[in-house]
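Residue numbers (the UniProt record's numbering), protein chains in the order written: chain A, 1 to 180; chain B, 1 to 167. Glycine included, each C-beta is placed from N, C-alpha and C at the ideal position. Computed from a predicted structure; not experimentally measured.
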Amino acid sequence: MGFIGDQVESIRSMQVRQVVTQIISLGMIVTSALIIWKGLMVATGSESPVVVVLSGSMEPGFKRGDILFLHMSKEPIRTGEIVVFNIDGREIPIVHRVIKVHERQESGEVDILTKGDNNFGDDRLLYAQGQLWLQKHHIMGRAVGYLPYVGWVTIVMTEKPIIKYLLIGALGLLVITSKE
Amino acid sequence: MHSFGHRANAVATFALTILAAMCFAASFSDSFNSPTPTASVKILNINWFQKEANANDEVSMTLNISADLSSLFTWNTKQVFVFVAAEYETPQNALNQVSLWDGIIPAKEHAKFLIHTTNKYRFIDQGSNLKGRDFNLTMHWHIMPKTGKMFADKIVMTGYQLPEQYR
Chain A
1 MGFIGDQVES IRSMQVRQVV TQIISLGMIV TSALIIWKGL MVATGSESPV VVVLSGSMEP
61 GFKRGDILFL HMSKEPIRTG EIVVFNIDGR EIPIVHRVIK VHERQESGEV DILTKGDNNF
121 GDDRLLYAQG QLWLQKHHIM GRAVGYLPYV GWVTIVMTEK PIIKYLLIGA LGLLVITSKE
Chain B
1 MHSFGHRANA VATFALTILA AMCFAASFSD SFNSPTPTAS VKILNINWFQ KEANANDEVS
61 MTLNISADLS SLFTWNTKQV FVFVAAEYET PQNALNQVSL WDGIIPAKEH AKFLIHTTNK
121 YRFIDQGSNL KGRDFNLTMH WHIMPKTGKM FADKIVMTGY QLPEQYR
């Protein structure tokens, strides 16, 4: 009785510990990813430090699936910089180059006009109805670094959600079944 | 212990680490390049100069742009984006930057050029401040790498002036 009871007891405690360890390690993976992302946000000052290029409007410099690293410093926006901006009423941010800047004397407010390198005309057609210029609050960040192809992972996952669920399922299974 | 999964994981991790290190090294090597580009822009003609219906001044000009940007190219350079902007100050605005012409240089062989062009983008002021206005023409370049950090710099050319009268 005593011997068997001890055995059962030890197995039960082992399993509980193993389950707890797995939950903790899963939590560690998720939280460290979150820490890295939030840390990048603080370091770059941009609310999305990495963006994926979704259109061909900046070709041949940036192709669909490339990723850009953004930085949002206090320095004023100048022509030639590649900025990421949001238009009111549009969900997807746009990555284009600044071609005109008008900065006010006293307030320092800026009017900015952008254009895609591969587009024929400027971006006024993309802006909201009647909007002629971008202001500072539209700008999410300026591109400072570039890495080709990496963004295809996210493009594939958003366009083919099945692949995303398969991947998440497989990874989850791996974490749960893996020992040590 | 040494299952297929473990080995595949180890190989993939190692490959990605090496790839990341090589990308970093390629980008880092760019910082050893100290380029010596040259540029000159001449205004050949003021084609027309007028006040638009909405009271903004607009000018059209013919430019002669020559530059040698070949020293900007390194083995990590995909292309150089080059543009010429008019830059001036008005009572209302501390800085106005208006891009007049731009181009993409895909390779070092094309980095030495001389072109003759009218302004590709409209040179419109915010308001009516262009008569007799002094301005700079600045050649900017933006180096777009195969991977890593992007670089930008410029050459400022001073001493240009717009006509005193509309024409």
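Neighbour flag for residue i against chain A, beta carbons, 8 angstroms
i      : result
P37/B  : no
S31/B  : no
A152/B : yes
S3/B   : no
N96/B  : yes
M157/B : no
H140/B : yes
I28/B  : The sequence given here has Phe at residue 28/B, not Ile. No, because no Cβ of chain A sits closer than 8 angstroms to the Cβ of F28/B.
I104/B : yes
N93/B  : yes
K131/B : no
F73/B  : no
A25/B  : no
L66/B  : Here the sequence assigns Ser to residue 66/B, which means Leu is not the residue at that position. No, S66/B does not count as interfacial toward chain A.
M144/B : yes
Y121/B : yes
Minimum Cβ-Cβ distance from residue i to chain B less than 8 angstroms
i      : result
D117/A : yes
Q105/A : yes
P49/A  : no
P148/A : yes
R124/A : no
T177/A : no
K38/A  : no
I29/A  : no
T79/A  : yes
I4/A   : no
P60/A  : yes
Buried or exposed (CB count within 10 angstroms, at least 16 for buried), residue i
i             : result
M28/A         : exposed
residue 216/A : The structure shown does not extend to residue 216/A, since chain A is modelled only from 1 to 180, so the question has no answer here.
V83/A         : buried
L174/A        : exposed
V8/A          : exposed
Y88/B         : buried
K154/B        : buried
L106/A        : Here the sequence assigns Glu to residue 106/A, which means Leu is not the residue at that position. Exposed, by the Cβ-count rule.
L16/B         : exposed
Nearest candidate by alpha-carbon position, reference residue i, set the options
i             : options                        : result
G127/A        : P49/A, I87/A, V83/A            : Sequence check: residue 127/A is Tyr here, not Gly. Among P49/A, I87/A, V83/A, the Cα nearest to that of Y127/A is on I87/A.
I105/B        : I143/B, V80/B, G159/B          : V80/B
H116/B        : L44/B, F24/B, H2/B             : L44/B
R122/B        : L16/B, A20/B, A26/B, N47/B     : N47/B
H142/B        : C23/B, A25/B, D102/B, T62/B    : D102/B
N118/A        : F62/A, I36/A, I176/A           : F62/A
V52/A         : G80/A, P148/A, I36/A           : P148/A
N64/B         : T74/B, D57/B, V84/B            : V84/B
H138/A        : D111/A, R17/A, I4/A            : D111/A
residue 185/A : T31/A, I94/A, E109/A           : The shown model of chain A, from 1 to 180, leaves out residue 185/A, and the question about it has no answer.
V59/B         : T118/B, M157/B, M139/B, T158/B : T118/B
Cβ-heavy atom distance, residue i to the ligand COA, below 7 angstroms
i      : result
G141/A : What this structure holds is no ligand at all, so the ligand COA is not there to describe.
Does the count of Cβ pairs from the region 5–14 of chain B and the region 29–47 of chain B closer than 8 angstroms reach three?
no
Quiz item: Does the count of Cβ pairs from the region 142–158 of chain B and the region 23–31 of chain B closer than 8 angstroms reach three?
Solution: yes
Counting pairs of beta carbons, one from the region 131–141 of chain B and one from the region 159–166 of chain B, are three or more of them closer than 8 angstroms? yes
Practice problem: For the region 144–152 of chain A and the region 62–81 of chain A, state whether three or more C-beta atom pairs, one from each stretch, are separated by less than 8 angstroms. | Solution: yes
inquiry  = Counting beta carbon pairs with one atom in the region 92–99 of chain B and one in the region 93–104 of chain A, are three or more of them shorter than 8 angstroms?
reply    = yes
- Is the region 151–161 of chain A touching the region 58–66 of chain A, taking contact as three or more C-beta pairs under 8 angstroms? yes
Give the list of continuous alpha helix (DSSP H) stretches no shorter than 4 residues that lie fully inside the region 8–80 of chain B. none
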